[in-house]
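For what it's worth, the UniProt record's numbering labels the leading residue of the sequence shown as 1, then goes sequentially.
All residues carry an ideal CB built from backbone N, CA and C; glycine is no exception.
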Amino acid sequence: MQNVVLVALDSENPLQIIKSDSLETVNSQIGFAILDTKDLLADATSSASTISTYNFVTGTSKYHNKVSRRFLFGKSSKAEDEPTLAKKIKYIIPGSRNIVLIGHDINADLRALIHIDPRYKRYETLDTQEIASQILPLINNDKGQKYSLHRLLTHFKCPFYNLHCAGNDANFTLRLLLLLAVSSVKDGVLSGSEQNEGSLSTSRKELVKKLKEVARAPVPLPKHCPLSIHLVRKKKRDERRRLVGLEEPDWLANVYMERAERIFEKKKRLCV
Numbered sequence: 001m002q003n004v005v006l007v008a009l010d011s012e013n014p015l016q017i018i019k020s021d022s023l024e025t026v027n028s029q030i031g032f033a034i035l036d037t038k039d040l041l042a043d044a045t046s047s048a049s050t051i052s053t054y055n056f057v058t059g060t061s062k063y064h065n066k067v068s069r070r071f072l073f074g075k076s077s078k079a080e081d082e083p084t085l086a087k088k089i090k091y092i093i094p095g096s097r098n099i100v101l102i103g104h105d106i107n108a109d110l111r112a113l114i115h116i117d118p119r120y121k122r123y124e125t126l127d128t129q130e131i132a133s134q135i136l137p138l139i140n141n142d143k144g145q146k147y148s149l150h151r152l153l154t155h156f157k158c159p160f161y162n163l164h165c166a167g168n169d170a171n172f173t174l175r176l177l178l179l180l181a182v183s184s185v186k187d188g189v190l191s192g193s194e195q196n197e198g199s200l201s202t203s204r205k206e207l208v209k210k211l212k213e214v215a216r217a218p219v220p221l222p223k224h225c226p227l228s229i230h231l232v233r234k235k236k237r238d239e240r241r242r243l244v245g246l247e248e249p250d251w252l253a254n255v256y257m258e259r260a261e262r263i264f265e266k267k268k269r270l271c272v
């Protein structure tokens, strides 16, 4: 496990990526979330920074700007053409390590990645949708229920916003894999063990704790959410007051925060 790098991927408009000879005019995304399993054993690594997340965008500038507003984990990177995109992907995935590719209903995303660079055909894959269908009961006893990413993240109480942005979905897919692993340990599924979490060794308990921490680490607020806008405005107000030697009264700061939180709760649907 210590030499394995988990690479979750997701794409938007994968069929267009596969069919197109040129990506210059194709509005598409391919996102990656990377977790080096060595970091799970490193005490100094914070849970929030353990997963590195990337979002690559092709197509028009208008599409790139739209996607960038939805991407939670940094800035989206624009790729003008397929060779440029392949080079960017190669740069973030360490070729000298044991790579496992992860996706939620991975087939189309994997085909798109292999179309961009055939070298990724040789890597092992895991499908979180398939894993969930094997180890979890039908959610809410709905016989027709598919194991969607949204439904599973909600089931595991994993924080998430702005699905259907490739980089975000890749990050949340990787978090889901960690929670599925924890669920497997509890149920004695992992490695064929008959143990439950209460009878695990100390080292394995620490690993389970770390998996939970990484999977449920705080998610950056969407840029368009009222609470996020409030925090940006507060930072600007604090900076202006600092320059003129004034401090914002605590009661006024609390009023602003409470108002933003009320609006955030009312409009929470817009952030998912």
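Segment contact, 8 angstroms Cβ cut-off, at least three pairs: the region 125-135 with the region 25-43: no
Per DSSP, cross-strand counterpart(s) of Q29: Locating residue 29 in the sequence shown gives position 29, counting from the first residue. Paired residues: E12 and V57.
DSSP-derived helix/strand/coil call for D81: Taking the first residue of the sequence shown as position 1, residue 81 is located at position 81. In the structure shown, D81 sits in coil (DSSP, three-state: anything other than H, G, I, E or B).
Proximity winner among L40, L6 and D81, relative to L211 (alpha-carbon distances): Position 211 of the sequence shown, counted from the first residue, corresponds to residue 211. Residue L40 is the option with its Cα nearest to L211.
CA-to-CA distance, E80 to N13, given in whole angstroms: In the sequence shown, counting from the first residue as 1, residue 13 sits at position 13. In the sequence shown, counting from the first residue as 1, residue 80 sits at position 80. If I take the Cα positions, the gap works out to 16 angstroms.
Those runs of the alpha helix (DSSP H) which lie wholly inside the region 86-156 and span at least 4 residues: 107-116, 128-135 and 149-155
Residues of its chain near V5, where Cβ-Cβ distance is below 8 angstroms and the 5 sequence neighbours each way are ignored: As a working mapping, residue 5 is identified with position 5 in the sequence shown. Excluding sequence neighbours, V5 sits near I34, L35, D36, T37, I93, P94, R97, N98, I99 and V100.
Endpoints, the alpha helix (DSSP H) within which A215 is located: Along the sequence shown, read from residue 1 onward, the residue named residue 215 stands at position 215. Residues T202 to A215.
Pair within 9 angstroms by beta-carbon distance, K78 and T58: Sequence index remark: in the sequence shown, residue 78 carries index 78 (1-based). Sequence index remark: in the sequence shown, residue 58 carries index 58 (1-based). Contact: yes.
Simplified DSSP assignment, three categories, for L174: Position 174 of the sequence shown, counting from 1, holds the residue named residue 174. Residue state, collapsed to three classes: helix.
Neighbourhood of S68 by C-beta, 6 angstroms cutoff - its chain only, sequence neighbours within 5 removed: By one-based count along the sequence shown, residue 68 stands at place 68. Excluding sequence neighbours, S68 sits near S76.
L177 to S20 span [Cα, whole Å]: The residue labelled residue 177 in the question sits at position 177 within the sequence shown. The residue labelled residue 20 in the question sits at position 20 within the sequence shown. The C-alpha of S20 is placed about 31 angstroms away from the C-alpha of L177.
Local conformation of V219 per DSSP, three classes: Against the sequence shown, residue 219 aligns to sequence position 219. Residue state, collapsed to three classes: coil.
Paired residues, beta bridge with S52 - DSSP: Residue mapping note: residue 52 aligns to position 52 of the sequence shown, counting from 1. Answer is I34, bridged to S52.
CA-to-CA distance, L243 to L153, given in whole angstroms: Here residue 153 corresponds to residue number 153 of the sequence shown, with the count starting at 1. Here residue 243 corresponds to residue number 243 of the sequence shown, with the count starting at 1. Looking at the two C-alpha atoms, the distance is approximately 44 angstroms.
Same chain, Cβ closer than 7 angstroms to P220, five either side skipped, listed in chain order: As a working note, residue 220 is residue 220 in the sequence shown. These residues qualify, in order along the chain: L72 and F73.
Residue closest to V182, alpha-carbon to alpha-carbon, out of N171, G167, A170 and V214: Numbered from 1 along the sequence shown, position 182 holds the residue referred to as residue 182. For V182, the nearest C-alpha among the options comes from V214.
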